[in-house]
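Trainee: Shown below is the structure under consideration.
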Amino acid sequence: RKEVEQDPGPFNVPEGATVAFNCTYSNSASQSFFWYRQDCRKEPKLLMSVYSSGNEDGRFTAQLNRASQYISLLIRDSKLSDSATYLCVVNYADSSYKLIFGSGTRLLVRP
Amino acid sequence: EAQVTQNPRYLITVTGKKLTVTCSQNMNHEYMSWYRQDPGLGLRQIYYSMNVEVTDKGDVPEGYKVSRKEKRNFPLILESPSPNQTSLYFCASSLRGRSTGGQYFGPGTRLTVT
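For the record, the sequence lines run as chains A and B.
Using the working numbering, the first residue of the first sequence is number 38, and each one after it goes up by one.
Using the working numbering, the first residue of the second sequence is number 24, and each one after it goes up by one.
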């Protein structure tokens, strides 16, 4: 079983749609959680950190469910420019400070 | 401008010819790390460094070396590259190892070993 699992997609949605991605992680000791965005052949860029109480940044909302060990990303009013791969990232609470990346969920927003 | 830079961006080389990929950050970050990204496998950590002269292995360190003599630089060395090291490589940095701000990534180095 992968440490961080995501549905690879692609999710193909029209502009203006609301789309949600989930991600599950296997290590209950995981401490920090992030969503990164990666455009084709480019570097990953931090989209948002995920906090225990949930957090929102404009059209993006992230949620954390520690009991069920999953995090989610909700995108409202999708734009063409949201087309990208979204990476779920988990940071272990041990001395390695290692980031564990999911393989990503691909989003395609069509006109 | 705060950034992580990598050089070269593209490299085609032959098996066994030593190479170095440089990484530099201008944000005074303590933590630096190297990843490789392969289709279907996602990003995997090669080596990381908590601070100057402190380095440790990630998930896939075989065939790679690193050094951290200065805070801003973290070069990745392939002493004898092999075709299975053909990949997209990213360097990343963060203020500390466990940073709620996540990590900043360089633009990537696409390496082909023939």
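Ideal Cβ placement from N, Cα and C applies to all residues, glycine included.
Since this is a predicted model, take the numbers as computed values, not measurements.
Which residues of the segment 76-102 of chain B have a Cβ closer than 9 Å to any Cβ of chain A? Give them in chain order.
Mentor: Within the segment 76-102 of chain B, the residues whose Cβ lies closer than 9 Å to some Cβ of chain A are D79, G81, D82, listed in chain order.
Trainee: Within 10 angstroms of its Cβ, does A:E93 collect 16 or more other Cβ (buried), or is it exposed?
Mentor: Along the first sequence, read from residue 1 onward, the residue named residue 93 of chain A stands at position 56. A:E93 is exposed by the Cβ-count criterion.
Trainee: Could you give the first and the last residue of the continuous beta strand (DSSP E) run that contains A:P148?
Mentor: The residue labelled residue 148 of chain A in the question sits at position 111 within the first sequence. Premise fails: A:P148 is in no beta strand (DSSP E) and is neither H nor E.
Trainee: Between A:S63 and chain B, is there a C-beta pair that is closer than 8 Å?
Mentor: Residue 63 of chain A sits at position 26 when you count from the first residue of the first sequence. Closer than 8 Å: no.
Trainee: To be precise: take each residue of the segment 63-88 of chain A, compare its Cβ to all Cβ atoms of chain B, and keep it if any distance is under 8 Å. Which residues remain?
Mentor: Correct list: Q68, S69, F71, Y73, R78, K79, E80, P81, K82, L83, S86.
Trainee: Taking the beta strand (DSSP E) that B:D61 falls in, what are its first and last residues?
Mentor: Locating residue 61 of chain B in the second sequence gives position 38, where the first residue counts as 1. Run containing B:D61: 54-61, per the beta strand (DSSP E) assignment.
Trainee: Between the Cα of A:L124 and those of A:S115, A:D114, A:P148, A:M85, spot the shortest distance and give me the residue it belongs to.
Mentor: Sequence index remark: in the first sequence, residue 124 of chain A carries index 87 (1-based). It is A:M85 whose Cα lies nearest to the Cα of A:L124.
Trainee: Report, in whole angstroms, the separation of the C-beta atoms of B:I125 and B:S117, which I expect to be a contact under 8 Å.
Mentor: Here residue 125 of chain B corresponds to residue number 102 of the second sequence, with the count starting at 1. Here residue 117 of chain B corresponds to residue number 94 of the second sequence, with the count starting at 1. It should be pointed out that residue 125 of chain B corresponds to Gly in this sequence rather than to Ile. Rounded, the Cβ-Cβ distance is 7 Å, consistent with contact.
Trainee: Can you tell which of A:Y88, A:A99, A:K39 has the C-alpha that lies nearest to the C-alpha of A:Y62?
Mentor: Mapped onto the first sequence, residue 62 of chain A falls at position 25. Checked all of A:Y88, A:A99, A:K39; the closest Cα to A:Y62 is A:K39.
Trainee: Write down the C-beta distance between B:S105 and B:T36 rounded to the nearest angstrom, noting that I regard them as a contact closer than 8 Å.
Mentor: Sequence index remark: in the second sequence, residue 105 of chain B carries index 82 (1-based). Sequence index remark: in the second sequence, residue 36 of chain B carries index 13 (1-based). Going by Cβ atoms, the distance from B:S105 to B:T36 rounds to 11 Å, so no, they are not a contact pair.
Trainee: Within 10 angstroms of its Cβ, does A:G95 collect 16 or more other Cβ (buried), or is it exposed?
Mentor: Here residue 95 of chain A corresponds to residue number 58 of the first sequence, with the count starting at 1. Exposed is the call here.
Trainee: Might you give, ordered along the chain, the residues of its own chain that have their beta carbon closer than 6 Å to the beta carbon of B:S103, omitting 5 neighbours on each side?
Mentor: Position 80 of the second sequence, counting from 1, holds the residue named residue 103 of chain B. The answer, listed in chain order, is G39.
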